[in-house]
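> Chains as they are written, first to last, in UniProt numbering: chain A, 1 to 391; chain B, 1 to 238.
All C-beta atoms, glycine included, are put in the ideal place defined by N, C-alpha and C.
#1: Which whole-angstrom value is the C-beta distance of residue 82 of chain A and residue 286 of chain A, which I expect to be below 8 angstroms?
#2: Excluding sequence positions up to five away, which residues of its chain have a Cβ less than 7 angstroms from the Cβ of residue 141 of chain A?
#3: Taking buried to mean at least 16 other C-beta atoms within 10 Å of its own C-beta, is residue 84 of chain B buried or exposed?
#4: In whole angstroms, what is the alpha-carbon distance linking residue 115 of chain B and residue 11 of chain A?
#5: Flag residue 16 of chain B as yes if its beta-carbon sits less than 9 angstroms from any beta-carbon of chain A, otherwise no.
#6: With a cut-off of 9 angstroms, does the C-beta of residue 26 of chain B fall near any C-beta of chain A?
#7: In the DSSP assignment, find the beta strand (DSSP E) that holds residue 301 of chain A and state where it starts and stops.
#8: Quick test of the definition: if touching needs 3 or more C-beta pairs under 8 angstroms, does the region 169–179 of chain A touch the region 128–138 of chain A?
#9: With respect to the beta strand (DSSP E) encompassing residue 180 of chain A, which residues constitute its N-terminal and C-terminal limits?
#10: Residue 59 of chain B and residue 88 of chain B - do their beta-carbons sit closer together than 9 angstroms?
#11: Buried or exposed, going by whether 16 or more other CB atoms sit within 10 Å of the CB of residue 72 of chain B?
#12: Give a yes or no on whether the minimum CB-CB distance between residue 453 of chain A and chain B is below 9 angstroms.
#13: From residue 5 of chain A to residue 331 of chain A, what distance separates their C-alpha atoms?
#14: Give the range of the alpha helix (DSSP H) segment to which residue 324 of chain A is assigned.
#15: Can you pull the chain B neighbours of residue 309 of chain A, defined as C-beta to C-beta under 7 angstroms?
#16: In terms of DSSP beta bridges, what is residue 226 of chain B paired with?
#17: So, residue 95 of chain B versus residue 304 of chain A, is the Cβ gap smaller than 9 angstroms?
#18: Should residue 1 of chain A go down as buried or exposed, given a rule of 16 or more other Cβ atoms within 10 Å for buried?
#19: Can you tell me whether residue 142 of chain B is buried or exposed, with buried defined as 16 or more other CB within 10 angstroms of its CB?
#20: Quick one: what does DSSP say residue 158 of chain A is sitting in, helix, strand or coil?
#21: List the residues of chain A whose Cβ lies closer than 8 angstroms to the Cβ of residue 246 of chain B, in chain order.
#22: Does DSSP put residue 197 of chain A in a helix, in a strand, or in coil?
#23: Contact criterion: CB-CB distance below 9 angstroms. Does residue 127 of chain B meet it with respect to chain A?
#24: Compare the C-beta of residue 343 of chain A with all C-beta atoms of chain B and state if any pair is closer than 9 angstroms.
#25: When burial is assigned at 16 or more other CB atoms within 10 Å of the CB, is residue 151 of chain A buried or exposed?
#26: Use the C-beta contact count for residue 173 of chain B: other C-beta atoms within 10 angstroms, 16 or more gives buried, fewer gives exposed.
#27: Considering only residues of the same chain and omitting the five flanking positions on each side of residue 70 of chain A, which have a CB-CB separation below 7 angstroms?
#28: Hey, residue 319 of chain A and residue 283 of chain A are a contact pair by Cβ (cut 8 angstroms); roughly how many whole angstroms apart?
Shown next as structure tokens:
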């Protein structure tokens, strides 16, 4: 390593030699940097899980435009939309088809002492084109009353249980005093508020909630005519529908809006955001402490080098060399630790926690930046290295 | 010898103060001398006589406040930091406490004396050549079997010899040594200074040494004695 760094730097790698001279302290410094990285990784992972799980329900559908109540900030929050608006929307020539969608939360008693909260999604069977293509074959089977497809990723369920489900061998469980048959599965994923998803026909959903009116779905899905512009259609819809009570957006924008809402307005998103910032601050403090102590410990050596004629640039390069070494060598163990933690989180929570190249790069670049910042602050101590004091 | 800018070191009317306001105290009083190229000059005097202040002024480690101090043909009064850094690269320093870098081997410590002269551009550096020069000078000082030892594993005399090697490896014009034998036993101290003088003569290096060690006086070409900031005596041994 010393030879390689000598070749790279064109001088003795003083920073590397100083750091590795005291191996115990070096290991502790790396552990500190890795710890800060793991903090950031976990927060980013949770933030990624939040955004990922926010988008998951949208992946159940194939739609171009979403009409929601004006107070709706997510698929599950907000008031209902009068079904009559669906008919008015269909009057716009660019709109090819429309479907009401009913969304609510229900409890599924997995075992005697375990209950999972499921996000119940209901759609008319004839609106099969609004389901994601991969779900359409199973969706047709929901024409039978009180049948449902359950999310294979539902927390609390087992692989054996999900594999056993079929129209011929359904699992029956009681929900709101009705016998619901699970006749198959879909694959979507758990979120922060739901343990999984349950898909039914709209009629089954309405039978489960007699107080709900078929004339007041939660949202209306629209598909535009082939070749029609989605944005243009949204504008046309805004002219014919009451925008003071309705939110009319492209389906993609609705998903992006909800993502932004969950990450920047909901407490959980704000907490993860703060967690990331705290992780970065902890990293800066740890690296600063390591570098600052290192400079203080070597003031006499630095003063000697100053007396010998080394300039400020040389000392800065040593400190930045140390900062980069800490960043690089602290990064790799943190990736391994984060991968392990992510794996555990996925196993235990079912959340879509993924270690992506982008998040890895972000943390690595952030670590380099934090280390460089710490190094910059630590260089202030160099001023105390006065070669005249050596005599 | 009077002020002659062509000498490696020439001092005229040099005074220096420490502190500010009421605590301001004069440490050097109107000193004049010049030092011949290639000589070994010993600076003597009791503690607090101003020897070390003189050494730090001549070594470009302090700003000259009053008087003239010419070092290698450059006037230090009013010289900027860049000039002083450039001049320091032509000097060698040997400290009482050797000041070796504990994280570097003996060879690496000596290498630092060479690397101060490089630009830092990888292509211009011949690391192997530098290693060879560092190992050569350590061998001349009898440390051929300690080349890769860390300072913690060297004796006091060996450490001081590494410090001498570091000061001499780049063939400086002047070496400033502050009590180089203070931490050494009698025999080792004399051996180390003899080595310093021998290498200095071979390489044409001017040496200025602060010492209290009377045994070294026999090796000096000139002895300057200071007391309370004044140059009180100047002897050229027979």
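According to the data block:
#1: Here residue 82 of chain A corresponds to residue number 82 of the first chain, with the count starting at 1. Here residue 286 of chain A corresponds to residue number 286 of the first chain, with the count starting at 1. The distance from the Cβ of residue 82 of chain A to that of residue 286 of chain A is about 57 angstroms, inconsistent with a contact at the 8 angstroms cut-off.
#2: The residue given as residue 141 of chain A occupies position 141 in the first chain. Cβ neighbours of residue 141 of chain A beyond the five flanking positions: 147, 167, 183, 184.
#3: Along the second chain, read from residue 1 onward, the residue named residue 84 of chain B stands at position 84. The residue is buried, with at least 16 neighbouring Cβ atoms inside 10 Å.
#4: Taking the first residue of the second chain as position 1, residue 115 of chain B is located at position 115. Taking the first residue of the first chain as position 1, residue 11 of chain A is located at position 11. Taking the straight line joining both Cα atoms gives about 7 angstroms.
#5: The residue you call residue 16 of chain B lines up with position 16 of the second chain. Closer than 9 angstroms: no.
#6: Within the second chain, numbered from 1, the residue matching residue 26 of chain B stands at position 26. Not one chain A Cβ lies under 9 angstroms of residue 26 of chain B.
#7: Taking the first residue of the first chain as 1, we reach residue 301 of chain A at position 301. Residue 301 of chain A -> not in any beta strand (DSSP E); alpha helix (DSSP H) instead, spanning 299–308.
#8: With the cut-off at 8 angstroms, the region 169–179 of chain A and the region 128–138 of chain A do not touch.
#9: Within the first chain, the letter at position 180 stands for residue 180 of chain A. Where residue 180 of chain A is concerned, the enclosing beta strand (DSSP E) stretches over 178–186.
#10: Within the second chain, the letter at position 88 stands for residue 88 of chain B. Within the second chain, the letter at position 59 stands for residue 59 of chain B. Contact flag set, yes.
#11: Residue 72 of chain B sits at position 72 when you count from the first residue of the second chain. The residue is buried, with at least 16 neighbouring Cβ atoms inside 10 Å.
#12: The displayed coordinates of chain A run from 1 to 391. Any statement about residue 453 of chain A would go beyond what the structure contains.
#13: Along the first chain, read from residue 1 onward, the residue named residue 5 of chain A stands at position 5. Along the first chain, read from residue 1 onward, the residue named residue 331 of chain A stands at position 331. Roughly 18 angstroms between the two C-alpha positions.
#14: Taking the first residue of the first chain as position 1, residue 324 of chain A is located at position 324. First-last of the alpha helix (DSSP H) with residue 324 of chain A: 312–349.
#15: Indexing the first chain from 1 puts residue 309 of chain A at position 309. What residue 309 of chain A touches in chain B: 85, 88, 89, 116.
#16: Stepping through the second chain from its first residue, residue 226 of chain B is reached at position 226. Its beta-bridge partners are B:231.
#17: Counting from 1 along the second chain, the entry for residue 95 of chain B is found at position 95. Counting from 1 along the first chain, the entry for residue 304 of chain A is found at position 304. In this structure, residue 304 of chain A lies closer than 9 angstroms to residue 95 of chain B by Cβ.
#18: Locating residue 1 of chain A in the first chain gives position 1, where the first residue counts as 1. Looking at its Cβ environment, which holds fewer than 16 other Cβ atoms inside 10 Å, residue 1 of chain A is exposed.
#19: Within the second chain, residue 142 of chain B is the residue found at index 142, counting from 1. Residue 142 of chain B is exposed by the Cβ-count criterion.
#20: Within the first chain, residue 158 of chain A is the residue found at index 158, counting from 1. Of the three classes helix, strand and coil, the one that applies to residue 158 of chain A here is coil, per DSSP.
#21: Absent from the model: residue 246 of chain B. The displayed extent of chain B is 1 to 238, so no value can be given.
#22: The count along the first chain starts at 1 and reaches residue 197 of chain A at position 197. Correct three-state label for residue 197 of chain A: strand.
#23: Position 127 of the second chain, counted from the start, is the residue given in the question as residue 127 of chain B. Answer yes: the Cβ-Cβ gap between residue 127 of chain B and chain A drops below 9 angstroms somewhere.
#24: Position 343 of the first chain, counted from the start, is the residue given in the question as residue 343 of chain A. So no, residue 343 of chain A is outside the interface.
#25: Translated into positions along the first chain, residue 151 of chain A becomes position 151. So residue 151 of chain A counts as buried.
#26: Position 173 of the second chain, counted from the first residue, corresponds to residue 173 of chain B. It counts as buried.
#27: Taking the first residue of the first chain as position 1, residue 70 of chain A is located at position 70. So the list reads 244, 245, 246, 247, once near-sequence residues are dropped.
#28: Taking the first chain and counting its residues from 1, the one referred to as residue 319 of chain A is at position 319. Taking the first chain and counting its residues from 1, the one referred to as residue 283 of chain A is at position 283. So it is not a contact: roughly 16 angstroms between Cβ atoms.
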